[in-house]
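*Asks:* Here it is, the structure, as structure tokens.
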Amino acid sequence: MQLFLDTADVAVLKALAATGLVDGVTTNPTLIAKTGRPMLEVIAEICGIVEGPVSAEVAATESEAMLAEGRKLAGVATNVVVKAPLTREGLIAVRQFAAEGIQTNVTLCFSAAQALLAAKAGANYISPFVGRLDDHGAVGMEVVSEIRAIYDNYDFDTEILAASIRNPGHVAAAAIAGADCATIPPEVFESLFKHPLTEKGLQTFLSDWAKTGQSIL
Ligand code: G3P
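Numbering (our numbering), first residue to last: 86 to 302.
Written out as structure tokens, the structure reads:
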């Protein structure tokens, strides 16, 4: 499973990209707004930090305007993936992007039925929002499993990008459900490196090793 970082914070991205474990980046208008910087400048900088796919979301709501914005975003760098919402207008635009060879990520997906439409429109990625579904009392990861079943039934090439990830459990569950990618907030990504039992066990190993008085080098 590919691990993407869900952020537009370049400093945070650089620090985590240094682990070699970041396969791509997703942004959205909220994340861009938090930077206080021009969107195209931020996207260009992010595309220079990671080689993998970098999702940049259109702000327009009508298909023709989405196409104009998406073409501009796609021109920023070869690894830009244009993000569009799962609306009627968004899917009309995604079909045209597909015809033009522009990579797309259909976002704000909350049902398997929606994901079926996105695949038929030729989306490269579909982003089911797991955490937001959980926040509303649903089991968001079930939607990921349902999408996996549908895409496998009909050999759709669209990749499932589990989004709105809230904790390490979501990351593991997305992999178990068969998601192709998960886009992870930086704080959740950092927590993947930490487990209290690992820390406790390491301290014990180090303490016992110190008692031997030995040195490996
Ligand atoms: O960026 C797409 C998605 O991961 C955002 O989800 O719920 O964390 O805003 P959320």
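Beta carbons are placed, not taken as given, at the ideal position from N, Cα and C, and that holds for glycine.
Just so you know, these numbers come straight off a predicted model, no measurement behind them.
(1) What's the gap between the Cα of residue 241 and the Cα of residue 157?
(2) Along the chain, where does the beta strand (DSSP E) that runs through residue 88 open and close?
(3) Using beta carbons (cut-off 8 Å, strictly below), is residue 239 in contact with chain C?
(4) Quick check: what's the CA-CA separation for residue 178 versus residue 281?
(5) Just to confirm my understanding: we take residue 129, look at its own chain, exclude 5 residues before and 5 after, and list those with CB closer than 8 Å. What are they?
(6) Would you decide whether residue 212 is buried or exposed? Buried here means 16 or more other CB atoms lie within 10 Å of its CB.
(7) Are residue 250 and residue 269 touching if we call contact CB-CB under 8 Å?
(8) Fully enclosed by the stretch 135-211, which beta strand (DSSP E) runs are 3 residues long or longer?
(9) So who's on the other strand from residue 107, going by DSSP bridges?
(10) Measuring only the C-alpha atoms, how far is residue 220 from residue 292?
(11) Could you tell me if the beta carbon of residue 113 falls within a distance shorter than 7 Å of some heavy atom in the ligand G3P?
(12) Could you check what DSSP says for residue 120 in three-state terms: helix, strand or coil?
(13) Can you name, in chain order, every residue of its own chain whose Cβ lies under 7 Å from the Cβ of residue 274, other than the five neighbours on each side?
(14) In the DSSP output, what is residue 266 paired with across the bridge?
(15) How big is the Cα-Cα spacing for residue 192 and residue 132?
(16) Is residue 104 close to the ligand G3P? I mean its beta-carbon at under 7 Å from any heavy atom of the ligand.
*Replies:* On the basis of the coordinates in this document:
(1) Rounded to whole angstroms, residue 241 to residue 157 spans 27 Å at the Cα level.
(2) The continuous beta strand (DSSP E) containing residue 88 extends over residues 87-91.
(3) The structure shown contains no chain C; it is built from a single protein chain.
(4) Roughly 47 Å separates the two Cα atoms.
(5) Correct list, in chain order: 161 and 162.
(6) Classification for residue 212: buried.
(7) Judged by beta-carbon spacing, residue 269 lies within the 8 Å limit of residue 250, meaning their Cβ atoms are closer than that value.
(8) Runs of the beta strand (DSSP E) lying entirely within the stretch 135-211 and spanning at least 3 residues, in chain order: 139-142, 165-170 and 189-194.
(9) Bridge partners of residue 107: none, in fact.
(10) Rounded to whole angstroms, residue 220 to residue 292 spans 43 Å at the Cα level.
(11) Yes, Cβ of residue 113 sits closer than 7 Å to a heavy atom of the ligand G3P.
(12) Here residue 120 sits in helix by DSSP.
(13) If we look at residue 274 and ignore the five residues flanking it on each side, its Cβ neighbours are 90 and 101.
(14) According to DSSP, which records beta bridges pairwise, residue 266 is partnered with 87 and 246.
(15) Going from the Cα of residue 192 to the Cα of residue 132 covers about 20 Å.
(16) Checking every heavy atom of the ligand G3P against the Cβ of residue 104, none is found closer than 7 Å.
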